[in-house]
Structure formats: C-alpha cells, structure tokens
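Student:
There are 2 protein chains.
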Amino acid sequence: MPHPTTATPSAGGIDLAAELALRELIALLPEGAVLVGSAALADYSHDDAEWAPFVPPLAVVLATSTDDVAATVRFAGANGLAVVARGAGTGLSGGANSVADCIVVSLERMDRVLEIDVGERLAVAQAGVINNALRIAVAEQGLWYPPDPASYAISTIGGNAATNAGGICCVKYGVTRDYILGLTVVLADGQTVRLGRRTAKGVTGYDLTALMIGSEGTLGIITEVTVKLLPLAGREERAIVGYFPSLTAAGDAVAGVASAGIVPSALELIDRMCLRAVEDWQGFGLPSDVDTLLMAKVDEPGSTGLALAERIAEIFALAGGVHVELATEQDEVDRLFLARRLAYPALERLGPVLTEDVCVPRGRVPEMLGRIQATAERHDVVIANIAHAGDGNLHPLIIAPVGDEAAKARAKEAFDEIVADCLALGGTVTGEHGVGLLKLPGAAQELEPRVLAMHRAIKDALDPAGLLNPGKAFPDQRARTGSGASDARTRGEA
Amino acid sequence: MPHPTTATPSAGGIDLAAELALRELIALLPEGAVLVGSAALADYSHDDAEWAPFVPPLAVVLATSTDDVAATVRFAGANGLAVVARGAGTGLSGGANSVADCIVVSLERMDRVLEIDVGERLAVAQAGVINNALRIAVAEQGLWYPPDPASYAISTIGGNAATNAGGICCVKYGVTRDYILGLTVVLADGQTVRLGRRTAKGVTGYDLTALMIGSEGTLGIITEVTVKLLPLAGREERAIVGYFPSLTAAGDAVAGVASAGIVPSALELIDRMCLRAVEDWQGFGLPSDVDTLLMAKVDEPGSTGLALAERIAEIFALAGGVHVELATEQDEVDRLFLARRLAYPALERLGPVLTEDVCVPRGRVPEMLGRIQATAERHDVVIANIAHAGDGNLHPLIIAPVGDEAAKARAKEAFDEIVADCLALGGTVTGEHGVGLLKLPGAAQELEPRVLAMHRAIKDALDPAGLLNPGKAFPDQRARTGSGASDARTRGEA
C-alpha cells in the first residue's frame, strides 16, 4: 500500500516555506475557500473506505468555480504538491483519500444545475451536484437521469463520473459513462478544456470523455458534466420479490430470468446475513425460514410489464422461491426494495465494513457466492452479501468487530482471496466502485503488464509531473509514495 | 490535405531495398497473404470516400490471424513503414485510405464468429466478420446486436468499432461503443493486448476500450471484438411514415415526437431530391406532390407499441403530414423503409457523392436543413438530404456530375460551408462516419488547441513512431505527409 495510515493531522508540522506558500494559495482564491485547520484536514482526508490508507492534506480548497480548481492545480504544480479531487467523499475504494504533500480540492460547493434542455434531453451540472438533486431537477421537467448508485442521495455527479458509478438500474439502463455526453475538465497544467459534445452522437477525435470517466481524477479534474436524459414518462415500475432456500436456488432464478430473454430494470440479491441484520435492526417481520432474497423490477408499461412481472414470478417459483410477491403500486414497490436500501447501514452497525465489488459473468454468480461462503469459513470472518445479481456484480461485505485487529487482518486476507477467486472465474476486480487504493493489488493481477504500461504512458502524456491523485486508479510503481517525492515528481520538476 | 491523390500504382517504382524487405514480409506470413500486384494495390488504396486523397500501398497483407497482424506491424516498425488497417473499405471519410510508404492490413479474412454465449448475452468475433453475419449468427441463438450502420450488409464489425459506427436504431439503442465490452488489439510495437472485459460491468483502470473505439486504427489495430447483446424477443416493430409539405413541417414533427417524451427506434428523414432519385430509379409510385418524407419506427410490444405508433401518426398529421401510414406487419415495415435504404445508391447513379455527416442538436435540424439548402443554391451544387433526424445527424449528399471539375470544386466549397454552419449551431462535424481525412479541417475547427494537444500526447504515448494510420482521426501536423518521412517518424527511428 503506497501510503501509511495515520489519523494524526500534520498541519502542525508544516514548515515555514509551506506555510508561506499556503498563504499565497489563500490569496489566490475567494475568501473562506482554503481550510487549513487540523479538524478540517482530518475531515477531508479520506472517503468512505476507512480501510484504505491516507495522510491528511496540507490544505483543503472548497472550490466554487472551475477557475478555483484551475488556480489550485497551477499552484500545486508550481509548488511540487499533489492534488486530490473529492466530491462528497462517499467512495468505497479510497480514490479520494488524501496522499502525502497534497491539496484536497473539494467540489461540493459547485452544486448548481446550470441548464436543463428539455428538447435536447440533456442537462449541464457542476460536478458537486448531488445525484439525487439532479434527478429531482430534471424530473420536474419530465426527464429522467437513470444512473442510480446506492449512494445517489449523497454522492455527487462529478464523483459518479470520475468513478464511472453503476447502480441498481444499470442492469437494463447502463452505467454513468453511458449518460455522459461531455465534460469540463481541469488538466494537470491548470488549463481547462471542454470534452465531448451536446449532440446525440459524435465521433470527432478520440473519446477523451470516456477516458476521463472512471479515471478517478488522475488525468484531470472534472468540474462540469453534460448528461443525456431519458423521458420520465412511459415507465411503470413493478417489483417481484421471492425468498429462496439457498444461494444456488436464487442463482438458478437469476439464470432463468436471463435465459427467458428478460432484461429486468433491477435484479438484486440479499443473503441471509443481510436479511438478519436488517430484521434485527428494523423488525419488518421478514420470513425467518429462508436463506436468500431476490428482488426484481420491470418497468415496461401496461400489460407488457404485467406479463413480464408475472413471468419473473413464475421463474422465481420454479427455482424454488417462496413467499413470491408481485407489487404494482409504487409505494409497495418502494417498500419491498427498502430491505435492499437498509442492508448496508444495517451491517455497518455490526462493525467497520470492508466492501468488495467483484463482478463475474452472471452465470458464475452461484459459484462465486459459494466460494465467498467458503472464504468466510476458512478465514473465520463474517461476510454478508448484497449483489446486483443481474449484472454479476457482487458486494461481499466483510465485517470485523471494532477494535479486533486480528479479525481485521483476517478480513484483509479474505478480501484478497475473493479478488483471486473472481479473476479465476473470468471476472473483474471492480464492477463499479473503482480501483482507488483498495483494488490496486487486484488491478495488478487483472491488467496484463503491457496494458499497465499503456496506463503509465497515458498518465505520463497527460500528467507528466504526476500531480493529479498520484498512486490511484491503476498500480503505478513510479507514483509518489509515502511522504517523499517519487521519480515521477522528480521528472516533472526537472 | 496530407496526401496527394493519385490512382497510379507505385509498385513498379519500389526500389531494391524495399523489394528485398517485402520478400522478408512474404516469408513471415502464410502463403498468399501478401499482395504486391498493381491491380491489388489499387483495389486496396482507398475506402468508399473517393473524394479523399490516397496513394497506393507498397503491399497488402490479407491477415488471417492476430499474429499475422502483429508480425506485419513489427515488420513495418523495423522498416520505417506505416500500417493502415482496413475492414471492408466501406468507410466514407478516407479513414482506410492508403498513405505514403505504407502496408495495408486487410482484416477481411478474419471472418469467424468465435463464440456466442447465450447466458452472458455476448459474442466474440474476429474483426473481419460482416456486421450482418454477426447479426444473423446471434439471432439464431435468440440474441440481437443492435448497431445497424446503413452499411451493415457489407461493413465489418472491426471497422464499425474502429470508427464507432452509428446507424438507424441508435436514436434509441446507442452506437457501436455502447455494445463493445472488450477488444483484442495489436499495438504499435507489435504486441497484442486484450482490453476490457466479459462481465456486464467493470471499471478496472482507464477505459482503454473506449479510447480504441473510434480511433480509426491510429492507436492500435482491432483484431477481435467482444460485444454485448440484447434478447431478440420482446420487440415488435411498427413503422409510421408521413409526407410533409416542407422541411420545416417535418422538423416540427421531429420536435413534436421528442417533446411527447417518445424515443422511437428510428426516425429518418428523406428530402425531395432523394425521393425523386429513388422514384426515378425504382418507380414505386411515391406521392409527387410532397417535399419531405419522415419514417419512424417503434418497437415496444403489444398495445404499448400500438399506442406509441398511433401517437406518432397523430403528431405527424398535426405537423402537416399527409399520406400518413402506419404499418404493423414486418413485411410492410421493411417495404416502407426500403426508400431509405435505396436513397444512397439512387443518388450515386447521378454522380460521385460527397457525403456529409454533420450532427446538430436535434432542435436545430430544421435550421440546419435550411442552411444546407441555401448553401446548395449559393454554390450551384446538387445536395440531397437523408438524415437520422431523431439524432440530429444529417447526411447532406453533395453530387457532382462525373468529369465536371468545376462542379467538384464547388462541391468542396459547399462541404466546408456545411461544416462551418454545423459548428455555428453547436454541432459536431462527424456524427458517425469518423474524421478520416475528409473531416480533418472540420476537426481542427471543432477541437480546441489544448484538446488537440491531448490527442497528440496520447498518440505519441501509444505510437511514438507514428506508425499506425498516420495523419488520420485528428489533425496532426507532425504526421508523415506526402511521400517523405515526417518529424514523428524521424523521432521514432532515432
């Protein structure tokens, strides 16, 4: 791991030169934009992946404009500092964790929806707009922004773009990348560019928009996004839930839906451990004689949707599902999906959660779930599972009781074993959360050396000094590590 | 323009060193893989954009494997030659046009569908598989590959990926990029990499798959593609056609469909000039008292689809549409769309067609069509229009009679004016055909200097010697030009 974990703010340790430099930064930016207090530095030192290493930043910039971001990047470049961009800090891989000698640029104050064009079905938003705020704003105009990461109520559209966030409906509607038409990006040299377009189609030059999406702020800092929207009308949600006696039976149901040629708008799996945690917490009266819950949605309107929902209910029953329910009223649909929304917070009550994000071919879901169970037993750790089953994207949640360091060490071993198993089954180590820091070893296994070399070449081409979020997104041995300057930085300054 | 147009094969002019080198290439590859005869060199010297410059290649390699492509690239690198990859040569921008001192690698013999995985809804195909052959192969397994460029019966899936081809159904279903999960690519150093994944989702590392798609063989040569498929079942096509008294009335109908929140699976426009050409050729008995034809499709099943089709028919009538017809039988749907399919060949009968591919925000379609009409009048050229109206992607077809050099010069002026107008309306110079050679000046206007510099940096990072399809895809003044070596090449050899 490139950065030693520490919770001790280093602000007190800044030398005089650094302090003078920070004064210069403060002068460059609007009043109140720069935070240097130790509490603030601690607050902005990591995202939601507490297991990943971090060191507090030298300063936090609360940017209110693209120009603020550009000025900060230029300042950092001139002073040999790194820049870590941050949305709402809801990432789960450490992608926004602060690194040595860095300034964190928070985009949370850039929270304006700049434009909604109903005729063109697009919106332009600043990076700090919360996903759900965008969703609500466009819904008022009869439009729909599909990507719905579980964090949609708290994560930013810029962070969604920087990590290429997935979500529940992406089994049918695709991921963030599929909805981004264009970006405003601050590059490593502090220049601002507009990438992409506002038209429905366009192939002029390389797809630099797609290159930026999912690059976790290592190639540029996204400050505005132009998103494609769908009409809100014409969809009618129906939910189908069923409880299964085993993971295998639930896996059969998932395969049955696929082979029936049905593409549901959600197909989520929750295992016994999650169900029990939700039940213990909220006491819904969920059935206690069952193992695994599958929840599907379809959104075709009218009789078409009803027929699909009934067909899914049949497939669930055929695969051994019991208590199969079909909901056609939106309230009831939302109620049935509540257990899914509560699973993560219910588990977090049991201790720090190390979140996996492996994605396997959907036919391998049952086998992967079986391997995860075996891993949990072998390493004596608690692992609960929620899964975007229709995508093959699993979130084994490894839980270690607070303060139990031995359990924490076993959890990390389990984490690595799950990564290895997913690769053995033809999967990918991260389906939607991003590499950040947590998946660097996994990415090193997944990406062949020549492909890693392509990453390095592109990083060098666009950020020769290694300024932007160094050491994230792909394993780069040359990135600055710990508190010292790396080769990359030295080269950049030469 | 970087390359002088010539139709004279240069094979006779190869010097002894080059001839000896070619013997070495012949020895490296399977028997019959290398063509050096002047007729073959002429055959492979350009794609379907006869207006773009080209010089015949030194040799043509008919690759039968990724290894053949890799061996050719390594040979070219060692001998200071360029490599131009080519699918079926159906491109319309000169992207596959042969350049000075190059070897053309044709992928047409790599025509095997390697795998269809029904459960995972994916297929793996060699680059030379014809789009329609893939379509038929997966349909036999109940699956559907949506991207449908007009050339689907003759263009290759590798060429579709290299240009990020669009098509008629992409107004609803997206373009080629949206269906490519992974690629096998031969890089400029002759190494072969696999990019992307086989899972439904995945965000490990940079999206190099998306970077390769649409890069027109300038960053690597795509030899295999892994595509995502949809279920074939569940769609029922219905067509709605209407004739309009003016382009403006048709434009109103397009806007009406959008503002009704309907996303049709096709929305095509054909103007009077095209209608007349089709009618003169085939004599369908199309109405003669009309100006513009709009053809829409919806594919929702059952009563939902019927209601949408009826709603579109209403919108057409409200906007002034006459002879509005609604077809629900597939035969009738195909018959109604036949005029669309015949438009291009009908116009080619009138003389060489210079095909535009501008894309504007869909609300600007009527204004853009008006400007095109004015351009035609101002420059005294014949311009017919077919358009993916629902996407704002227009194909003004500029026709100059054979042998009329003055008309050809006027056609080029009109071409440039249309590009400028599309940019003035917030559009992009190429919606789906690619930059190739024809749109280099347009791309230079559309892409800001810093974005062009990003292109150069990435090209240099992945192809430092400027070996792969030099001078295409983006304006790069350093690419080798004419018959001499460029800076890029010199640097690469240094």
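Line by line, the protein sequences are chains P and D.
The opening residue of the first sequence carries number 222 in this note's numbering; numbering runs sequentially from there.
The opening residue of the second sequence carries number 222 in this note's numbering; numbering runs sequentially from there.
Every residue gets a Cβ at the ideal spot worked out from N, C-alpha and C, and that includes glycine.
Around the Cβ of Phe-505 (chain D), are there at least 16 other Cβ atoms within 10 angstroms (buried) or fewer (exposed)?
Tutor: exposed
Student: So, are the CB atoms of Ala-383 (chain D) and Ser-436 (chain D) less than 8 Å apart?
Tutor: Yes.
Student: Under a Cβ-count criterion, where at least 16 other Cβ atoms within 10 Å of its own Cβ denotes burial, should Gln-347 (chain D) be classed as buried or exposed?
Tutor: Flag for Gln-347 (chain D) reads buried.
Student: Is the shortest distance between the beta-carbon of Gln-412 (chain D) and the beta-carbons of chain P less than 8 Å?
Tutor: For Gln-412 (chain D), the nearest beta carbon of chain P is closer than 8 Å to its own beta carbon.
Student: Please work out which residues of its chain come closer than 7 Å, Cβ to Cβ, to Arg-592 (chain D), disregarding the five sequence neighbours upstream and downstream, and give them in chain order.
Tutor: If we look at Arg-592 (chain D) and ignore the five residues flanking it on each side, its Cβ neighbours are Asp-642.
Student: DSSP beta-bridge partners for Tyr-464 (chain P)?
Tutor: P:Leu-514, P:Val-543
Student: Quick one: Cα of Leu-571 (chain D) to Cα of Ile-378 (chain P), how far?
Tutor: 51 Å
Student: Under the DSSP definition of a beta bridge, which residues are partnered with Arg-307 (chain D)?
Tutor: D:Ser-327
Student: Would you call the region 448-458 of chain D in contact with the region 477-487 of chain P, where contact means no fewer than 3 C-beta pairs closer than 8 Å?
Tutor: At 8 Å Cβ cutoff, the stretches touch.
Student: Which of helix, strand or coil does DSSP assign to Asn-690 (chain P)?
Tutor: Asn-690 (chain P) falls in the coil class under three-state DSSP.
Student: When Cβ atoms are compared, which residues of the region 418-445 of chain P fall closer than 8 Å to chain D?
Tutor: Arg-418, Arg-419, Thr-420, Ala-421, Lys-422, Gly-423, Val-424, Thr-425, Gly-426, Tyr-427, Asp-428, Leu-429, Ala-431, Leu-432, Ile-434, Gly-435, Ser-436, Leu-440
Student: Run through the DSSP bridge pairs and tell me what Gly-417 (chain D) is partnered with.
Tutor: D:Gly-403
Student: Have a look at the DSSP bridge pairing and note the partners of Trp-365 (chain D).
Tutor: D:Leu-451
Student: Quick check: Leu-648 (chain D) and Val-574 (chain D), are their CB atoms within less than 8 Å of each other?
Tutor: The sequence given here places Gly at residue 648 (chain D); Leu does not occur at that position. Their beta carbons are not under 8 Å apart, which means Gly-648 (chain D) does not touch Val-574 (chain D) by this criterion.
Student: In whole angstroms, what separates the C-alpha of Ala-460 (chain D) from that of Arg-356 (chain D)?
Tutor: A straight-line Cα-Cα distance of about 21 Å links Ala-460 (chain D) and Arg-356 (chain D).
Student: Find the nearest neighbour of Gln-666 (chain D) within the set D:Asp-684, D:Met-675, D:Ala-645, judged by alpha-carbon distance.
Tutor: D:Ala-645
Student: Kindly indicate the opening and closing residues of the alpha helix (DSSP H) around Glu-667 (chain P).
Tutor: Counting along the chain, the alpha helix (DSSP H) containing Glu-667 (chain P) begins and ends at 661-667.
Student: Quick one: Cα of Asn-300 (chain P) to Cα of Ala-628 (chain P), how far?
Tutor: 42 Å
Student: Against chain D, does Tyr-373 (chain P) count as a neighbour if the rule is that its beta carbon must be under 8 Å from one of theirs?
Tutor: no
Student: Could you tell me the alpha carbon to alpha carbon distance between Gly-705 (chain P) and Ser-486 (chain P), rounded to whole angstroms?
Tutor: Low local confidence applies: a pLDDT of 34 at Gly-705 (chain P) is under 50, so the model's placement there is unreliable, with the coordinate-based value given in what follows. Approximately 48 Å, taken between the alpha carbons.
Student: Which of the three DSSP states, helix, strand or coil, is assigned to Thr-444 (chain P)?
Tutor: DSSP places Thr-444 (chain P) in strand when its eight states are reduced to three.
Student: On the DSSP letters alone, give me the boundaries of the alpha helix (DSSP H) that Asp-681 (chain D) sits inside.
Tutor: 670-683
Student: Compute the distance between the beta-carbons of Thr-293 (chain P) and Val-282 (chain P), then report whether it is under 8 Å.
Tutor: yes
Student: My output table needs one value for Ala-280 (chain P): the three-state DSSP class, helix, strand or coil.
Tutor: strand
Student: Give a yes or no on whether the minimum CB-CB distance between Gly-652 (chain D) and chain P is below 8 Å.
Tutor: yes
Student: Could you please give the first and the last residue of the uninterrupted beta strand (DSSP E) stretch that includes Ala-630 (chain D)?
Tutor: No beta strand (DSSP E) contains Ala-630 (chain D), which is instead part of the alpha helix (DSSP H) from 626-645.
Student: In this structure, how does DSSP classify Pro-225 (chain P) when only helix, strand and coil are distinguished?
Tutor: Caution applies to Pro-225 (chain P), whose pLDDT of 36 falls short of 50 and renders its modelled position unreliable; the value that the coordinates give is listed next. Looking at Pro-225 (chain P) - three-state DSSP - the assignment turns out to be coil, as it is neither helix nor strand.
Student: What residues of chain P sit near Arg-671 (chain D), judged by a beta carbon separation below 9 Å?
Tutor: Leu-408, Asp-410, Gln-412, Thr-413, Val-414
Student: What are the partner residues of Val-616 (chain D), as DSSP defines its beta bridges?
Tutor: Before going on, a small fix: residue 616 (chain D) reads as His here, not Val. DSSP output for His-616 (chain D) lists D:Ile-607 as bridge partner(s).
Student: Kindly indicate which three-state DSSP category Leu-250 (chain P) falls into: helix, strand or coil?
Tutor: coil
Student: So, is the C-beta of Ser-524 (chain P) closer than 8 Å to a C-beta in chain D?
Tutor: Yes, Ser-524 (chain P) lies at the interface with chain D (some Cβ there is under 8 Å from its Cβ).
Student: Tell me the DSSP secondary structure of Phe-695 (chain D) in three-state form.
Tutor: coil
Student: Taking the alpha-carbon of Asp-399 (chain P) as reference, which of P:Glu-535, P:Thr-430, P:Leu-335, P:Gly-655 has the nearest alpha-carbon?
Tutor: P:Thr-430
Student: Take the Cβ of Glu-445 (chain D) as the centre, count every other Cβ of all protein chains shown within 10 Å, and call the residue buried at 16 or more, exposed below.
Tutor: buried
Student: Would you report the Cα separation of Glu-521 (chain P) and Arg-599 (chain D), rounded to the nearest angstrom?
Tutor: 50 Å
Student: What is the DSSP secondary structure of Val-350 (chain P), counted as helix, strand or coil?
Tutor: coil
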